[in-house]
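Visitor: Dumping the structure here so I can ask a few things about it.
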Amino acid sequence: MSIRKIKINAGRSYNVIIGKGLLADLAEHLPYFKGGTAVIITDSNVFPLYEQKARKSLESAGYRVLTHAFESGEKHKTTDELVSILNFLADNKVTRSDFIIALGGGITGDMAGFAAGIYLRGIGYVQVPTTLLAAVDSSVGGKTAVNLNAGKNLAGLFYQPKAVICDPDTFETLDDLTFADGVSEAVKHGFITDEGFFRRLSGKTRAEYMNDIIEIIARNVEIKGGIVEADEFEQGRRQLLNFGHTAGHAIEKCTNHSVSHGQAVAAGMVLMSRAAYKKGFCYCDYSQEIKAAFSGFLGTFNIHLSAEQLYEVALSDKKRSGKTPSAGGASSAGGKINIIIPERIGKCVVKEIEAAELLDVFKAGLFV
Ligand code: GLY
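Next up, the structure:
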């Protein structure tokens, strides 16, 4: 069995271990914990699929195993659910020498990681991603969060896990749209930092991804890990990971999430590449190359939204740089905003613009 191990040297160093079938041997890859309680946090989708496998491995290794499963879906990524997890930990007398296993996709990782970061002022946790998106992106880098009424991920911590253990066999149960959410982030990683990797992913189908899945995840983890090591707290370079996301989140929100996250980010990347060229921020229009990267997946790049609609929503996005005090919402356009634009494939940069100019950027990106 081929296993890849990649070390992330953030504020805390940890290994990302990738291998088919690893879930059944989960406990073997937890060298940091000596007995005690393992608390599996998972959701109602993943619970019936993979909880038993994880539990069996942990119990065989002598851990007491507890499980808390919450209802799946973004609408359950709330402070209420976070408090339920914290109460579950406290009611079961979980101590600082115990640890959490975040078994699932990005929502599970974000909430379980947040709970681990604040329960008893911090206990250990291990990310066990079961989606491609969580494997290539959200399980690495220590971002944790829940949503507030005012928006997504508005409360959270940077809190690195003790390890990430990824078994790509778990992707077999993903539907195509959920799989494609991860493809968008993988393509993005190539586009922002590594042209060769971008070309290697371009046009691949799901089956072709799976044929090369260990190496694809490993390269993504190297790219993301390198960025996180350089800028753990998103003061500079880590913002590159937001390429396509300001427009993408606006598309998701304006369509009431009928466009999936992956499709919205893919469309956001196309929009921003076209806009960067038309605004004279770069010499070439890479939008067709980005579209071609997704040709192995069903997707839509026809965004039936106006630049004004996207702008309204995007201005309330948390990615506003905060350098000027105009964070009051879309009507207040006096501040600055950072956008991510390509210089070429494999090299993106952060560019600060007046928030009001974002409207022109969206106009340039939407209309060919
Ligand atoms: N998903 C973007 C980041 O971790 O910074």
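Note that the numbering used here has the sequence shown beginning at 30, numbered continuously upward. Every residue, glycine too, gets a C-beta built ideally from N, C-alpha and C.
By Cβ distance, which residues of its chain are closer than 6 Å to LEU118, with the 5 residues on each side in sequence left out?
Guide: TYR148
Visitor: Taking only three categories from DSSP, how would you classify LYS172?
Guide: strand
Visitor: What alpha helix (DSSP H) runs, 4 residues minimum, are completely inside the stretch 89–176?
Guide: 108–120, 135–147
Visitor: For ASP292, count neighbouring C-beta atoms within 10 Å of its own C-beta (all shown protein chains included) and say buried if the count is 16 or more, exposed if not.
Guide: Sequence inspection shows Gln at residue 292; the Asp mentioned does not correspond to that position. Label assigned to GLN292: buried.
Visitor: Would you identify the three-state DSSP class for PHE262, choosing helix, strand or coil?
Guide: coil
Visitor: How about GLU80 and ILE69: are their beta carbons less than 8 Å apart?
Guide: yes
Visitor: Output needed for SER167: all residues of its chain with C-beta closer than 6 Å, excluding positions within five of it in sequence on either side, in chain order.
Guide: GLY135, GLY138
Visitor: Quick one: grab the DSSP three-state call for PRO371.
Guide: strand
Visitor: Would you list the residues sitting across from CYS195 in a DSSP beta bridge?
Guide: ILE47
Visitor: Under the criterion of a Cβ to heavy atom distance below 7 Å, does GLY170 qualify as lining ligand 1?
Guide: Result yes, Cβ under 7 Å from ligand 1.
Visitor: According to DSSP, what are the bridge partners of GLY180?
Guide: LEU177
Visitor: Please return the same chain residues whose Cβ sits closer than 6 Å to the Cβ of ALA279, not counting the five positions on each side in sequence.
Guide: Contacts found: LEU339, VAL342, ALA343.
Visitor: Just to confirm my understanding: we take ALA53, look at its own chain, exclude 5 residues before and 5 after, and list those with CB closer than 7 Å. What are they?
Guide: LYS82, SER86
Visitor: To which residues does DSSP link GLU383 through a beta bridge?
Guide: LYS365
Visitor: Which residues does DSSP list as the beta-bridge partners of ARG33?
Guide: ILE47
Visitor: Between ILE35 and GLU251, which are expected to be in contact by the criterion C-beta below 8 Å, what is the C-beta distance as a whole number of angstroms?
Guide: That pair is a contact at about 6 Å.
Visitor: What span of residues does the alpha helix (DSSP H) with THR207 cover, start to end?
Guide: 205–222
Visitor: Per DSSP, what kind of secondary structure is LEU339 in: helix, strand or coil?
Guide: helix
Visitor: Within 10 Å of its beta-carbon, does VAL112 have 16 or more other beta-carbons around it, so buried, or fewer, so exposed?
Guide: exposed
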